[in-house]
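Report on the following structure.
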Amino acid sequence: MNSESRPKVQFVEVHAEEAGQRIDNFLLKKLKGVPKSHIYKMLRKGEVRVNKGRIKAEYKIKEGDSVRLPPVKTTNTATEVPVKLNIVQELESAILYEDKRLIVLNKPHGMAVHGGSGMSFGVIEALRALRPEAPFLELVHRLDRDTSGCLLIAKKRSTLRFLHEQLQKKLMSKQYWALVEGKWPAKLKHIDFPLAKNHLKSGERVVRVTENGKPSLTSFNVVEVFKNFSLVSAEPVTGRTHQIRVHAQQAGHPLVGDPKYGNDDVTEQFKRQGLSGRLFLHAYSLTFKVTPEDKAIRVEAPLPADLQKTLEYLRR
Numbered sequence: 099m100n101s102e103s104r105p106k107v108q109f110v111e112v113h114a115e116e117a118g119q120r121i122d123n124f125l126l127k128k129l130k131g132v133p134k135s136h137i138y139k140m141l142r143k144g145e146v147r148v149n150k151g152r153i154k155a156e157y158k159i160k161e162g163d164s165v166r167l168p169p170v171k172t173t174n175t176a177t178e179v180p181v182k183l184n185i186v187q188e189l190e191s192a193i194l195y196e197d198k199r200l201i202v203l204n205k206p207h208g209m210a211v212h213g214g215s216g217m218s219f220g221v222i223e224a225l226r227a228l229r230p231e232a233p234f235l236e237l238v239h240r241l242d243r244d245t246s247g248c249l250l251i252a253k254k255r256s257t258l259r260f261l262h263e264q265l266q267k268k269l270m271s272k273q274y275w276a277l278v279e280g281k282w283p284a285k286l287k288h289i290d291f292p293l294a295k296n297h298l299k300s301g302e303r304v305v306r307v308t309e310n311g312k313p314s315l316t317s318f319n320v321v322e323v324f325k326n327f328s329l330v331s332a333e334p335v336t337g338r339t340h341q342i343r344v345h346a347q348q349a350g351h352p353l354v355g356d357p358k359y360g361n362d363d364v365t366e367q368f369k370r371q372g373l374s375g376r377l378f379l380h381a382y383s384l385t386f387k388v389t390p391e392d393k394a395i396r397v398e399a400p401l402p403a404d405l406q407k408t409l410e411y412l413r414r
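Sequential numbering of the sequence shown, starting at 99, is according to the working numbering.
Written out as structure tokens, the structure reads:
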């Protein structure tokens, strides 16, 4: 059911963790459901005031600023998440690490990080429902909807900036377990095919290897070899969309259960055995620093039961 607030003037104070962002981005979060065009129109007309003065869209808000929000209809339909919903409650038990600066979550397979694409809410909306007192919760990086494992969420803007800096400088290590078709060559340690996004007529996003793509590098190591499959550890040095999946496919060893780049017959084979037909890709560890002064910490996410069952089947 849509819930609408009665239009009225509001005055909100900027918290420390909200400071530093542009006023237009601040308004987009505060005025849920209001079109961007309308927000920029309100700014141009001076209907939004900061400390009683007019400001431009690029103004960066400061802690303690008093922001006047004009009467405008808002809707919270997309972001209201029932806290008692089972999947939301399960996220509480999926938290692997938490302190005052960040959360590391063991993201379930099948759950998007953000609402959209047919889902009314995602991980970040669910966490905001679980932590209504937290003024700031933002994704540090993303995981595909079909991928499970370690997902990093910042609780402070300064922490978000520091973690992004580690990503940009390739100082953060993200390691995945992937089950691939065939016997992965032990000597094949690095794949560096350039990647580019393509959009099909259906609107589906796929990634292709192309000379004009962005430089992309993934490190691979063999963990265990089965009759017709291999369990590998993959570490993406760059962070391109679907990078591990496309690099493995290009090497002739597509991931098991991959709906975009895998083999449908293999997926069906596992389903017939009563095993998971899902993408076998799990972010099992993250290594990063919380502050520049701290030592790096490593957080691990255990392999989900359905993927563990698949490995046990292959070991018979």
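We put the beta carbon where it would ideally sit given N, CA and C, even for glycine.
Nothing here was measured: the structure is a model prediction, and the numbers come from that model.
Asked, Found
"Top-ranked residue by Cα proximity to residue 295, from 284, 341, 118, 263", "341"
"C-alpha distance - residue 113 paired with residue 315, whole-angstrom precision", "40 angstroms"
"Proximal residues to residue 234 (C-beta, below 7 angstroms), its chain only, five neighbours per side dropped", "115, 116, 253, 254, 255"
"Sequence-distant residues of the same chain with beta carbon closer than 6 angstroms to residue 329, five excluded per side", "277, 321, 322"
"Cβ-Cβ distance between residue 410 and residue 352 below 8 angstroms", "no"
"Presumed contact (8 angstroms Cβ cut-off) between residue 207 and residue 376, rounded CB distance", "5 angstroms"
"Start-end ranges of the alpha helix (DSSP H) lying completely within the segment 211-266, minimum 4 residues", "221-228, 255-266"
"Buried versus exposed call for residue 110 [16 or more other C-beta atoms within 10 Å across all chains shown]", "exposed"
"Residue(s) in a DSSP beta bridge with residue 288", "317"
"Sub-8 angstroms separation of residue 270 and residue 378 beta-carbons", "no"
"Three or more C-beta pairs below 8 angstroms linking the segment 191-211 and the segment 240-252", "yes"
"Simplified DSSP state of residue 99, which is helix, strand or coil", "With a pLDDT of 41 at residue 99, under the threshold of 50, the modelled position of this residue cannot be trusted, and the question is left open."
"Reference residue 306; option with closest CA among 345, 272, 192", "345"
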